[in-house]
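Working notes, beginning with the structure itself.
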Amino acid sequence: MDLPQPSHIPHVTGDALTTGVAIEGLSKSFGSLRVLKDVSFTVKPGEIFVLMGPSGSGKSVLLRHIIGLEAPTEGRVLVDGHDPMVEDTRGHVRMALVFQDGALFNSLSVYDNLALYPREHRLGSEAEIRERVMHALQILSVEKAASKLPSDLSGGMKKRVSIARALVIQPQLLLYDEPTSELDPVMAATIDEIIATLKDEIRVTSIVVSHDRDLALSIADRVGFLMDGRLIHIGPPSGLKAPEDPRIADFLNPKIDIRNPRFKSLEA
Ligand SMILES: Nc1ncnc2c1ncn2[C@@H]1O[C@H](COP(=O)(O)OP(=O)(O)OP(=O)(O)O)[C@@H](O)[C@H]1O
Ligand SMILES: [Mg+2]
53 MDLPQPSHIP HVTGDALTTG VAIEGLSKSF GSLRVLKDVS FTVKPGEIFV LMGPSGSGKS
113 VLLRHIIGLE APTEGRVLVD GHDPMVEDTR GHVRMALVFQ DGALFNSLSV YDNLALYPRE
173 HRLGSEAEIR ERVMHALQIL SVEKAASKLP SDLSGGMKKR VSIARALVIQ PQLLLYDEPT
233 SELDPVMAAT IDEIIATLKD EIRVTSIVVS HDRDLALSIA DRVGFLMDGR LIHIGPPSGL
293 KAPEDPRIAD FLNPKIDIRN PRFKSLEA
């Protein structure tokens, strides 16, 4: 398999965040649905913060606030002291979100997907953009996919292309939404290694939303646990080994009763 060699990632940026990310009393409602409830925490510069929690607990909505795609109903978010909703913040902080579904444009080649943002924002000549794009694809070992359409890629390659697209802007803050979902264990471990290496090599601050306890145990500096819109726990990943909070223990070690009538059909 054509696996990347994360230990050989060259430097693509050197300027780390200085104060990190602060979430202060963040609440978000969509109509009468209260999705985030008074969430507060900080992410330190250069840290990998893993956010876990059940489906529908508000993890993706929280990430969208950090990158400025969603406005808080109450409270605020600061990225290196700047409000991400303000256009000017993009001049101060380079941040990128690796979307849960990849969010690649299916009508564009992999190369054109990666070149789209730098072209629109005139981040250099076509030759400079080409260098950036190919460099990002090389970091993730997917340069051979440059001329392919996203629909022609496997799930693992799509994830790597999505991370490569985020790297094109040379991010200081990288947000990942479920980067290892739907991947086999080897590819998931490879993505874990890439996230950890990017942190070490380019000093990027990372916030990773994931259900994957192995990912949290292997790469997180700290873990937060979101349940029903509230942050119910924050601490080192070792706390996931024998969680004291029964809600977290039940989530990580679900008990399945095989006498449940719902499993009847499986007996036939
Ligand atoms: N734009 C929106 N308008 C209305 N409701 C929304 C919107 N975006 C998210 N929601 C609701 O907010 C809740 C939290 O959604 P979110 O996508 O953050 O969950 P999640 O924790 O990321 O779940 P998953 O693990 O399944 O991805 C859900 O009930 C969802 O339906
Ligand atoms: Mg989500």
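Note that our numbering has the sequence shown beginning at 53, numbered continuously upward.
Every residue, glycine too, gets a C-beta built ideally from N, C-alpha and C.
Could you give the distance in angstroms between the alpha-carbon of residue i and the alpha-carbon of residue j?
i: N158; j: V113; result: 24 Å
i: G176; j: P170; result: 7 Å
i: L269; j: I181; result: 36 Å
i: S290; j: D266; result: 11 Å
i: F82; j: S193; result: 40 Å
i: G108; j: S258; result: 22 Å
i: E122; j: K307; result: 36 Å
i: I300; j: L283; result: 11 Å
i: R86; j: G110; result: 10 Å
i: D252; j: D309; result: 43 Å
i: A198; j: Y163; result: 5 Å
In terms of DSSP beta bridges, what is residue i paired with?
i: L269; result: DSSP, once it has assigned bridges, lists no residue as partnering L269.
i: L283; result: L278
So, at 8 Å on beta carbons, what are the nonlocal neighbours of residue i in its own chain, with the 5 sequence-adjacent residues on each side left out?
i: R311; result: none
i: L304; result: R265, L292, P295
i: A68; result: P97, G98, Q224, R255, V256, T257
i: I286; result: F93, R274, V275, G276, F277
Beta carbon of residue i: closer than 7 Å to some heavy atom of ligand 1?
i: G108; result: yes
i: S214; result: no
i: V113; result: yes
i: G120; result: no
Should residue i be counted as a contact of ligand 2 given a C-beta to heavy atom distance under 7 Å?
i: D297; result: no
Please return the same chain residues whose Cβ sits closer than 7 Å to the Cβ of residue i, not counting the five positions on each side in sequence.
i: V220; result: L166, Y169, P170, R184, V185, A188
i: Q152; result: S112, D229, E230
Short of 6 Å in beta carbon distance, which residues of its chain neighbour residue i, apart from the five on each side in sequence? Order them along the chain.
i: S273; result: Note that residue 273 is Asp in the sequence shown, not Ser. Result list for D273: E99, I100, in chain order.
Could you tell me whether the Cβ of residue i comes closer than 8 Å to any Cβ of chain B?
i: R282; result: Among the chains in the structure shown there is no chain B, since it carries only a single protein chain.
Discussion item. So within the segment 174-256, which uninterrupted alpha helix (DSSP H) runs reach at least 4 residues, ignoring any that extend past its ends?
Written reply: For the segment 174-256, whole alpha helix (DSSP H) runs of length 4 or above, ordered along the chain, are 178-191, 207-219, 237-254.
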